[in-house]
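**Q**
There are 2 protein chains.
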Amino acid sequence: MRMPGAFEMQCPLPAEPDTIQLAHGSGGRWMNQLLDRTILPAFRATAEGTRHDGAVVEIAPGPLAFTTDSYVIRPLFFPGGDIGRLAVYGSVNDLAMCGARARWLSAALILEEGLPIETLKRVLASMAAAAAETGIEIVTGDTKVVERGKGDGVYINTTAIGAVRAHSLIAPSAVQAGDAILINGDLGRHGIAVLSVREGLEFEGDIASDLAPLWGPVERLLDADIDVHCLRDLTRGGLSSALNEIAQSARVGIAIREAAIPVNEVVRGACEILGLDPLYVANEGRFAAFVPASQAQKAAEQIGGVVIGEVVVEHSGAVIVETELGSHRVLDMLSGEQLPRIC
Amino acid sequence: MRMPGAFEMQCPLPAEPDTIQLAHGSGGRWMNQLLDRTILPAFRATAEGTRHDGAVVEIAPGPLAFTTDSYVIRPLFFPGGDIGRLAVYGSVNDLAMCGARARWLSAALILEEGLPIETLKRVLASMAAAAAETGIEIVTGDTKVVERGKGDGVYINTTAIGAVRAHSLIAPSAVQAGDAILINGDLGRHGIAVLSVREGLEFEGDIASDLAPLWGPVERLLDADIDVHCLRDLTRGGLSSALNEIAQSARVGIAIREAAIPVNEVVRGACEILGLDPLYVANEGRFAAFVPASQAQKAAEQIGGVVIGEVVVEHSGAVIVETELGSHRVLDMLSGEQLPRIC
Numbered sequence: 000m001r002m003p004g005a006f007e008m009q010c011p012l013p014a015e016p017d018t019i020q021l022a023h024g025s026g027g028r029w030m031n032q033l034l035d036r037t038i039l040p041a042f043r044a045t046a047e048g049t050r051h052d053g054a055v056v057e058i059a060p061g062p063l064a065f066t067t068d069s070y071v072i073r074p075l076f077f078p079g080g081d082i083g084r085l086a087v088y089g090s091v092n093d094l095a096m097c098g099a100r101a102r103w104l105s106a107a108l109i110l111e112e113g114l115p116i117e118t119l120k121r122v123l124a125s126m127a128a129a130a131a132e133t134g135i136e137i138v139t140g141d142t143k144v145v146e147r148g149k150g151d152g153v154y155i156n157t158t159a160i161g162a163v164r165a166h167s168l169i170a171p172s173a174v175q176a177g178d179a180i181l182i183n184g185d186l187g188r189h190g191i192a193v194l195s196v197r198e199g200l201e202f203e204g205d206i207a208s209d210l211a212p213l214w215g216p217v218e219r220l221l222d223a224d225i226d227v228h229c230l231r232d233l234t235r236g237g238l239s240s241a242l243n244e245i246a247q248s249a250r251v252g253i254a255i256r257e258a259a260i261p262v263n264e265v266v267r268g269a270c271e272i273l274g275l276d277p278l279y280v281a282n283e284g285r286f287a288a289f290v291p292a293s294q295a296q297k298a299a300e301q302i303g304g305v306v307i308g309e310v311v312v313e314h315s316g317a318v319i320v321e322t323e324l325g326s327h328r329v330l331d332m333l334s335g336e337q338l339p340r341i342c
Numbered sequence: 000m001r002m003p004g005a006f007e008m009q010c011p012l013p014a015e016p017d018t019i020q021l022a023h024g025s026g027g028r029w030m031n032q033l034l035d036r037t038i039l040p041a042f043r044a045t046a047e048g049t050r051h052d053g054a055v056v057e058i059a060p061g062p063l064a065f066t067t068d069s070y071v072i073r074p075l076f077f078p079g080g081d082i083g084r085l086a087v088y089g090s091v092n093d094l095a096m097c098g099a100r101a102r103w104l105s106a107a108l109i110l111e112e113g114l115p116i117e118t119l120k121r122v123l124a125s126m127a128a129a130a131a132e133t134g135i136e137i138v139t140g141d142t143k144v145v146e147r148g149k150g151d152g153v154y155i156n157t158t159a160i161g162a163v164r165a166h167s168l169i170a171p172s173a174v175q176a177g178d179a180i181l182i183n184g185d186l187g188r189h190g191i192a193v194l195s196v197r198e199g200l201e202f203e204g205d206i207a208s209d210l211a212p213l214w215g216p217v218e219r220l221l222d223a224d225i226d227v228h229c230l231r232d233l234t235r236g237g238l239s240s241a242l243n244e245i246a247q248s249a250r251v252g253i254a255i256r257e258a259a260i261p262v263n264e265v266v267r268g269a270c271e272i273l274g275l276d277p278l279y280v281a282n283e284g285r286f287a288a289f290v291p292a293s294q295a296q297k298a299a300e301q302i303g304g305v306v307i308g309e310v311v312v313e314h315s316g317a318v319i320v321e322t323e324l325g326s327h328r329v330l331d332m333l334s335g336e337q338l339p340r341i342c
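Residue numbers (numbering that gives the first Met the number 0), protein chains in the order written: chain A, 0 to 342; chain B, 0 to 342.
1. Any beta carbon of chain B sitting closer than 8 Å to that of A/D68?
2. For the alpha helix (DSSP H) that contains A/I180, what are its first and last residues?
3. Residues of chain A with a CB under 7 Å from the CB of B/Q337: which are they?
4. Exposed or buried, A/R43, counting other C-beta atoms within 10 Å across all chains shown (16 or more means buried)?
5. Give a yes or no on contact between the region 240-256 of chain A and the region 324-333 of chain A, applying the rule of three or more CB pairs nearer than 8 Å.
6. Between the alpha carbons of A/E111 and B/E264, how many angstroms are there, rounded?
7. Quick one: is A/E323 buried, meaning 16 or more other Cβ sit within 10 Å of its Cβ, or exposed?
8. When you compare the CB of B/A124 with every CB in chain A, is at least one pair closer than 8 Å?
9. Rounded to the nearest angstrom, how far is the Cβ of A/T66 from that of A/L94, given a contact under 8 Å?
10. Need the endpoints of the alpha helix (DSSP H) that B/I245 sits in, please.
11. Give a yes or no on whether 8 Å exceeds the smallest Cβ distance from A/E146 to chain B.
12. Short check: CB of B/A259 to CB of B/I307, under 8 Å?
13. Determine the direct distance from the alpha carbon of A/V71 to that of A/I341, and round the result to whole angstroms.
14. Could you name the residues of chain B that A/T234 contacts, counting a contact when the two beta carbons are closer than 8 Å?
15. Give a yes or no on whether the minimum CB-CB distance between A/W103 and chain B is below 8 Å.
16. According to DSSP, is A/N282 helix, strand or coil?
17. Kindly indicate if chain A contains any beta-carbon less than 8 Å away from that of B/R340.
18. So, using beta-carbon positions, are B/G19 and B/V144 closer together than 8 Å?
19. Check whether the region 102-109 of chain A touches the region 133-150 of chain A, counting contact only when three or more Cβ pairs, one atom from each stretch, lie closer than 8 Å.
20. When you compare only the Cα positions, how much space is there between A/R328 and A/E321?
21. Give me the subset of the region 71-84 of chain A whose CB atoms are less than 7 Å from a CB atom of chain B, sorted by chain position.
22. May I ask you to report which of helix, strand or coil DSSP gives B/H327?
23. Compute the Euclidean distance between the alpha carbons of A/F202 and A/S195, then round it to the nearest angstrom.
24. Taking DSSP as the reference, what is the three-state secondary structure of A/D17?
25. Compute the Euclidean distance between the alpha carbons of A/E218 and A/A162, then round it to the nearest angstrom.
26. Identify each residue in the region 277-297 of chain B for which the Cβ-Cβ distance to at least one residue of chain A is less than 9 Å, and report them in chain order.
27. Is it the case that the region 172-190 of chain B contacts the region 278-295 of chain B, given that we only count it when at least three CB pairs across the two stretches are under 8 Å?
28. Taking only three categories from DSSP, how would you classify B/D151?
29. Quick test of your reading: B/A59 and B/H189, contact by CB under 8 Å. State the CB separation rounded to the nearest angstrom.
Encoded structure:
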């Protein structure tokens with residue numbers, strides 16, 4: 000059954016089209032061409048991990064954190080970032096919130112027919128740069144293609160795994176009355192930046208997303224021997240939803256001071272015009288940390304942040320904010336939808 | 000700052016709507032309601048793992064396999080399965096192809112506005128049943144909502160991790176000339192079953208998808224001390240694309256015999272009517288195994304399968320099939336797209 004001429008019998012690969020075709024999701028030649036020419040070169044991945052059905056990684060013994068997120072942000076590119084960078088940092092940040100450093104990442108793409116290949120390349124280059132910057136490896140992936148009108152350019156799922164660095168549990172259940180609550184910077188930039196470009200709004204001053212990897216500040220807290228009880232990134236639903244979730248999970252009350260919460264003047268102005276409350280607007284580089292009150296100042300220095308309130312035994316399950324005027328109001332969880340597809 | 004009446008100040012949750020709304024993706028109250036009432040009860044997940052940003056699992060030292068897949072199959076329900084069962088088995092099977100047993104799974108949903116909640120519940124129940132059956136835990140997840148016309152009901156990403164059971168590398172690079180190639184059953188059922196319901200076709204006889212978890216047969220190969228060199232599931236692009244990928248990665252030739260490949264009569268008839276080649280049609284419960292020729296019969300018994308060919312030193316990178324008439328043809332990788340959104 001020797002056929003020395005077998006290779007000559009194969010047709011040359013068709014030229015690469017400019018846009019994604021349904022055939023790019025076929026599992027066949029076009030899909031392999033997309034992998035070989037576009038996806039694998041972007042990630043500089045080894046053939047073994049990405050051309051096989053999965054990757055094999057060597058893990059040190061001990062607890063492993065595991066998190067998944069799909070990214071459907073619109074538009075794909077926004078001031079301060081893009082869906083590719085968001086998809087890498089987002090999962091890095093979710094692991095950081097577990098006290099874990101992301102080490103390996105999977106990347107699964109859902110591409111819409113008609114997506115320009117150039118756009119895909121920009122997104123992949125951005126993912127690769129974000130992965131290099133945060134020291135993680137994209138080791139396995141998947142590509143699906145859906146028809147026009149069944150997607151929106153590109154949706155990305157990333158799933159991250161990494162070893163837990165923290166020595167004690169970082170979770171809502173570890174939160175205690177008396178804990179200080181800190182945040183690591185001003186609120187609302189991501190939501191306002193995305194909204195500005197999506198709606199073509201112009202504000203007095205440039206607002207870029209706060210999108211950033213959060214393992215750095217978390218590592219500094221751990222290195223400084225801060226007894227971190229809980230961490231939570233302030234993404235969809237903003238500070239308000241994050242604190243409400245923790246108050247309800249941990250069955251504690253939370254009291255914060257509005258005057259202590261930094262909000263950039265341009266963001267504040269934009270929120271006033273749009274009728275948004277910055278405490279509900281999404282961030283992508285901000286988190287809340289719950290630490291013992293005695294370590295609050297030391298923790299604030301490590302993360303360049305501020306103390307905004309504390310955990311109390313009263314009003315269990317609820318978040319109460321002291322307004323700048325000195326009155327108190329319940330800060331409820333976001334009801335309805337403020338900014339669809341913000342991440 | 001004591002406010003004993005705080006809880007009374009919160010509005011009661013609005014009634015659950017019948018369909019997915021954009022607010023279900025907000026990160027706020029509606030999203031928490033969807034999690035509490037629909038998603039977490041389906042998975043019987045503990046609060047800690049799924050309400051926090053990630054899950055923490057304890058891993059034994061040693062190599063860990065890691066795989067991701069998004070599922071965009073249309074329609075959501077088909078003879079022999081549905082997207083939920085597919086999303087669990089699919090990732091179980093990808094890990095099985097690495098010689099690893101899936102242990103933990105993440106589940107990320109992209110829901111289209113307007114999806115009936117009842118449909119979501121059916122899909123989630125199906126995922127939960129498939130997870131229970133295969134002994135895996137769904138430990139972390141994510142939910143996003145996109146506007147009408149930006150999705151198609153529900154897309155699911157699952158990412159699986161699990162310890163590698165195999166003692167030696169299972170990968171294309173381990174394939175050697177002389178290896179026997181086996182498959183574990185007849186080909187083409189999944190593609191034809193999906194196509195029949197999608198296009199409203201009726202064939203003479205019922206065809207259900209072959210969708211099935213594959214860790215069982217893989218474990219039997221390992222338990223029987225078969226020196227498995229490579230495994231590959233025969234999903235998108237079918238047998239043909241899988242063998243071509245391995246021939247190219249491993250730089251070997253592959254020779255198979257068409258007469259040895261089982262194809263159900265109804266599938267064969269449907270393929271003839273539709274102008275499809277069963278060797279290119281997708282399967283979801285079939286795989287190819289590459290094992291030393293001396294162990295081929297023993298391996299076939301373990302998986303209830305058949306030997307369909309062997310690895311040769313000739314025609315490196317190409318797959319040659321001996322037809323039922325005794326002639327030879329190059330079995331090329333699928334070119335173009337045969338059946339979009341088959342998985």
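Just so it is clear, CB atoms sit at the ideal spot from N, CA and C, and this is done for glycine as well.
**A** Based on what the coordinates show:
1. Counting from 1 along the first sequence, the entry for residue 68 of chain A is found at position 69. Yes, contact with chain B.
2. Residue 180 of chain A sits at position 181 when you count from the first residue of the first sequence. No alpha helix (DSSP H) contains A/I180, which is instead part of the beta strand (DSSP E) from 179-182.
3. Walking along the second sequence from the start, residue 337 of chain B turns up at place 338. Chain A residues near B/Q337: S25.
4. Here the question's residue 43 of chain A lines up with position 44 in the first sequence. Exposed, because fewer than 16 other Cβ atoms sit within 10 Å of the Cβ of A/R43.
5. yes
6. Position 112 of the first sequence, counting from 1, holds the residue named residue 111 of chain A. Position 265 of the second sequence, counting from 1, holds the residue named residue 264 of chain B. Whole-angstrom Cα-Cα distance: 36 Å.
7. Counting from 1 along the first sequence, the entry for residue 323 of chain A is found at position 324. Answer is exposed; the Cβ neighbour count stays below 16.
8. One-based indexing of the second sequence puts residue 124 of chain B at position 125. Answer no: the Cβ-Cβ gap between B/A124 and chain A never drops below 8 Å.
9. The residue you call residue 66 of chain A lines up with position 67 of the first sequence. The residue you call residue 94 of chain A lines up with position 95 of the first sequence. Going by Cβ atoms, the distance from A/T66 to A/L94 rounds to 6 Å, so yes, they are a contact pair.
10. Position 246 of the second sequence holds residue 245 of chain B. Residues 237-249.
11. Position 147 of the first sequence holds residue 146 of chain A. Cβ-Cβ to chain B under 8 Å: yes for A/E146.
12. In the second sequence, counting from the first residue as 1, residue 259 of chain B sits at position 260. In the second sequence, counting from the first residue as 1, residue 307 of chain B sits at position 308. Result yes, Cβ atoms of B/A259 and B/I307 sit closer than 8 Å.
13. Residue mapping note: residue 341 of chain A aligns to position 342 of the first sequence, counting from 1. Residue mapping note: residue 71 of chain A aligns to position 72 of the first sequence, counting from 1. Spanning the two alpha carbons is a distance of roughly 8 Å.
14. The count along the first sequence starts at 1 and reaches residue 234 of chain A at position 235. Within chain B, the residues near A/T234 are G26.
15. Locating residue 103 of chain A in the first sequence gives position 104, where the first residue counts as 1. True, the Cβ-Cβ gap to chain B drops below 8 Å.
16. Counting from one through the first sequence, the residue named residue 282 of chain A turns up at place 283. DSSP places A/N282 in coil when its eight states are reduced to three.
17. As a first step, residue 340 of chain B is located in the second sequence; it is residue number 341 there, counting from the start. Closer than 8 Å: yes.
18. Walking along the second sequence from the start, residue 19 of chain B turns up at place 20. Walking along the second sequence from the start, residue 144 of chain B turns up at place 145. Note on identity: in this sequence residue 19 of chain B is Ile, with Gly being the wrong assignment. Against a cut-off of 8 Å, the Cβ pair of B/V144 and B/I19 comes out as a contact.
19. yes
20. For the purposes of this step, residue 328 of chain A is taken as residue 329 along the first sequence, with counting starting at 1. For the purposes of this step, residue 321 of chain A is taken as residue 322 along the first sequence, with counting starting at 1. Whole-angstrom Cα-Cα distance: 7 Å.
21. V71
22. Indexing the second sequence from 1 puts residue 327 of chain B at position 328. Residue state, collapsed to three classes: strand.
23. To locate residue 202 of chain A, count along the first sequence from 1; it is residue 203. To locate residue 195 of chain A, count along the first sequence from 1; it is residue 196. Separation of A/F202 and A/S195 (C-alpha to C-alpha, rounded to the nearest whole angstrom) is 8 Å.
24. For the purposes of this step, residue 17 of chain A is identified with residue 18 of the first sequence, where counting begins at 1. If DSSP states are grouped into helix, strand and coil, A/D17 belongs with coil.
25. If you number the first sequence from 1, residue 218 of chain A lands on position 219. If you number the first sequence from 1, residue 162 of chain A lands on position 163. A/E218 and A/A162: Cα-Cα distance of roughly 13 Å.
26. Y279, A281
27. yes
28. Translated into the one-based positions of the second sequence, residue 151 of chain B becomes position 152. Of the three classes helix, strand and coil, the one that applies to B/D151 here is coil, per DSSP.
29. Within the second sequence, residue 59 of chain B is the residue found at index 60, counting from 1. Within the second sequence, residue 189 of chain B is the residue found at index 190, counting from 1. B/A59 to B/H189, Cβ: 34 Å. No contact.
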